[in-house]
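Chains as they are written, first to last, in our numbering: chain A, 16 to 108; chain B, 16 to 108; chain C, 16 to 108; chain D, 16 to 108.
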């Protein structure tokens, strides 16, 4: 059980949609579509991925804090450090 | 012929790899992998998409400028506006 | 007392440096410096601001989790929602 | 004369406003304001800096293309490479 478990089906649906977007991008390149139109779709796929990441992060933080309440400080500090590193990677991606 | 045409095969290869990354994400969610590990992979896929976008943009600008040299100001100004809007969408995605 | 309180002096020092960077940008514009060089400095200032934000966020999450351990679920859930919204704003900025 | 020269006063005004935002951030830290409120203001300042960068970039591209039309290919290709690197730095900042 993780923070995202209750929303698993929703994340899978969103990731399937993103897979479709990426396949759509391949088709656009194959069909020699106009570069700016491809870029618009790349931005849409990137936005959708970001949104999945922000959702996972929120679910994770909620789970983290719940665990911290149950298990106390040591574990919690490590979790916070780990989440912060994930946020940094996300912001820089 | 667009700016990206000479690099078409390379873009297709990269987009196939990104499709694989997104499918990998689905598998991670299905297999109940640890949230932070999923986030790391989302960041990697996002980074790969960004990199495709930056490549397409550079190819497009090169093409734009070449066209401007050939066709002159009116067309060029419109192209610059269009490219700037694409950059804004990219930065905000 | 907030999460960032122990690092207050460090944040002030970094914000003073960023203020200096922004004043440097004004001077570059006044002195008609080359656009690409100005853009490089804008990116540096943006990066420094992002880094302050990521630090404040990490300090805040640590503090949050500590509070959650002490005060329990209700307060904690609200804090997580609030932090997630701040992360979303940061990612989109 | 660069691409941004006609909008110089506007950029200076915006950079002065951003300097004010950064000084406001210092005051918030000094006055022990709530971390999430500081983060909201950091995001606002970051957004304002991004917007300056996007404006400078659009002005620069317009100028670039105009120069390319006048001076031809060699110079233009170098300018495009330079602009693309600036966009990459901006996206990653």
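For glycine and all other residues, C-beta sits at the position ideal for the given N, C-alpha and C.
Residues of the stretch 39–68 of chain A with a C-beta less than 8 Å from any C-beta of chain B: 40, 41, 44, 45, 47, 49, 50, 51, 53, 54, 55, 57, 58, 59, 60, 61, 62, 64, 65, 67, 68, listed in chain order. For residue 51 of chain B, the closest alpha carbon among the candidates A:43, A:83, A:78, A:39 is that of A:78. Under the 8 Å Cβ criterion, the stretch 16–27 of chain B counts as touching the stretch 42–56 of chain A, having at least three qualifying pairs. Taking 7 Å as the cut-off, the Cβ atoms of residue 76 of chain B and residue 57 of chain A do not count as close.
Rounded to the nearest whole angstrom, the CA to CA distance from residue 73 of chain D to residue 99 of chain B is 6 Å.
A direct Cα-Cα distance of roughly 13 Å separates residue 42 of chain B from residue 34 of chain B. Contacts with chain B at 7 Å (Cβ-Cβ) include residue 99 of chain D. Inclusion of residue 62 of chain B and residue 108 of chain A in the CB contact set at 7 Å is warranted, their separation being smaller than that value. The beta carbon of residue 37 of chain C lies closer than 8 Å to those of 60 in the same chain, with the five residues before and after it left out. For residue 34 of chain D, the chain C residues whose Cβ falls inside 8 Å of its Cβ are 34, 37, 38, 41, in order along the chain. Ranked by how close their Cα comes to the Cα of residue 48 of chain A, the residues B:19, B:46, B:80 have B:19 in first place.
Listed along chain A are 55, 58, each with a C-beta nearer than 7 Å to that of residue 104 of chain B. In this structure, the beta-carbon distance from residue 44 of chain C to residue 80 of chain A does not fall below 7 Å. Counted as a single uninterrupted DSSP element, the alpha helix (DSSP H) harbouring residue 66 of chain B occupies residues 50–86.
At a cut-off of 7 Å between beta-carbon atoms, residue 70 of chain B makes no contact with chain A.
The beta carbon of residue 91 of chain A is closer than 6 Å to those of 83 in its chain, skipping five residues each way along the sequence. With respect to residue 40 of chain A, residue 40 of chain B sits apart: the two C-beta atoms are not nearer than 7 Å. Taken through DSSP and simplified to helix, strand or coil, residue 17 of chain A comes out as coil.
Residues of chain B whose Cβ lies closer than 8 Å to the Cβ of residue 76 of chain D are, in chain order, 76, 95, 98, 99.
For residue 84 of chain D, the C-beta contacts it makes with chain B under 7 Å involve 83, 84, 87, 88, 91, in order along the chain.
Here residue 22 of chain B has 70, 74 as same chain residues with Cβ atoms under 8 Å from its own Cβ, once five neighbours each way along the sequence are excluded.
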